[in-house]
Amino acid sequence: MNEADNRNKTIIRTSIIGIIANVFLASFKAVIGLTVNSIAIVMDAVNNISDAASSVITIIGTKLAGREPDKKHPFGYGRIEYLSAMIISVLVLYAGITAFTESVKKIIEPETPDYSVVSLVIVGVAVLVKIILGRYVQSTGKKVNSDSLINSGNDALLDSIISASTLVAAAIYLIFHVSLEAWLGAIIAIVIIKSGFEMMKETLSKILGESVDAELARDIKATISEFDEVNGVYDLVMHNYGPDSYNGSVHIEVADTLSSDEIDKLLRKIQMKVYQTHKVVLTAIGVYSYNTKDPEAVEARKKVSEIVSEIPFINQMHGFYLDKAEKAMRFDLVVSFDAKDRNAVMKEACNKVQSEFPGYTLQVAMDTDFSEEE
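Counted the way the working numbering counts, the sequence shown spans residues 441 to 814.
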């Protein structure tokens, strides 16, 4: 059994545990809430049903995301997991809005609750169960990198807060004969709505496409740099097709003395090593050559590097090659996203290099560091 199968089994098993726990809790809370005339407890039971629905969605999403790539979707179905996480965030948001609406109704037309010791003990046990379940689902989600499980775990922890607030409201009522559960319900509902928006925002960001994790990018570049023939690693671009599913491309710099046969062997070794170490498929590896035979070209590279390094927002120069026969100079510049006008920075760099080497034609490309840290 491979890692993907193990991951899917873990997600499904955790979701089934969540479904069983939430159905039992919802049943008990619904009976108690109707018996003691507590809107907070009844709404808490509804939340448990929504949690069970979230777990069902997680299972369905995991099953669909695990489908093999086909002609229509050659990169697989992994992104379905993000859609299931989005649905769960919508459910959380809906539950929060519903709870807030019902709480406001009870504030306008209050009803006197009738708490019993048994009902409060059961709600207290439910709080503990929800805390344990929430932490378990959340930690499992982080281990297997499942946004759906993480969102479900967060939702369960929020539900434990709702249940705890019910106990607080009951204690206040029994001691001071003041019913505050509707007000507490409204406050907790606002917290749930805020959490739902945050879940949705985070998941939507992943669907749109985020920059690659800086640490992973550094690790991949370090792995490629271990090869003796590689002088530099640049322009790493990775596309996410689901949790822990990346395809990417990169440029490497090698000496101009390597033959095509040697380069071919090197590229295949790099692709295999990166996949074995990081589970990232490099679909393309571009090659920059650098001058090794001409001291004048080596000196020119050093001079250009000094010029551009003095310009703010230029993070790096790479891919430098001097063609004396064609009187051409080519290189790439990485311009930071922090620059207000990246094109202006690029133009300034080119002008300064051109003034230093007036007889040469410049072939300069502006690169982006997709793993640039904030």
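Cβ atoms here follow ideal geometry from the backbone N, Cα and C, with glycine treated the same way.
C-beta contact flag for residue i and residue j at 8 Å
i      : j      : result
His691 : Tyr715 : no
Ile571 : Ser543 : no
Ile547 : Ala622 : yes
Val775 : Met757 : no
Ala805 : Asp763 : no
Leu607 : Leu560 : yes
Nearest residue (CA-CA) to residue i, options the options
i      : options                        : result
Val584 : Lys767, Ile703, Arg782, Ser685 : Ser685
Asp817 : Val677, Asp778, Ile632, Ala626 : Any answer about residue 817 is impossible in this case: the structure gives the chain only from 441 up to 814.
Gln711 : Thr606, Thr475, Gly726, Pro550 : Gly726
Val748 : Val694, Tyr728, Pro735, Ala789 : Ala789
Ile537 : Asp781, Ile628, Tyr800         : Ile628
Gly581 : Leu802, Asn731, Asn448         : Asn448
Glu702 : Tyr681, Pro735, Asp668, Val677 : Asp668
Beta-ladder partner(s) of residue i, from DSSP
i      : result
Gly726 : His691
Asp763 : Ala768
Val673 : Ile692
Val774 : Gln756, Asp807
Val721 : Asn687
Asn680 : Tyr686
Separation of residue j from residue i, as counted between CA atoms
i      : j      : result
Asp696 : Asn755 : 25 Å
Gly574 : Asp595 : 7 Å
Ser455 : Val463 : 12 Å
Ala779 : Phe753 : 6 Å
Lys503 : His718 : 24 Å
Leu531 : Val565 : 25 Å
Pro683 : Glu549 : 47 Å
Ser467 : Val569 : 14 Å
Asp445 : Lys792 : 56 Å
Burial state of residue i, where buried means 16 or more other Cβ atoms lie within 10 Å
i      : result
Val785 : buried
Glu443 : exposed
Lys733 : exposed
Phe777 : exposed
Leu648 : exposed
Lys469 : buried
Ile615 : exposed
Asn403 : Missing from the structure shown is residue 403; the chain here goes from 441 to 814 and no further.
Ile460 : exposed
Leu598 : buried
Chain D within 8 Å of residue i, Cβ atoms only
i      : result
Arg658 : Absent from the structure is chain D; it holds one protein chain and no more.
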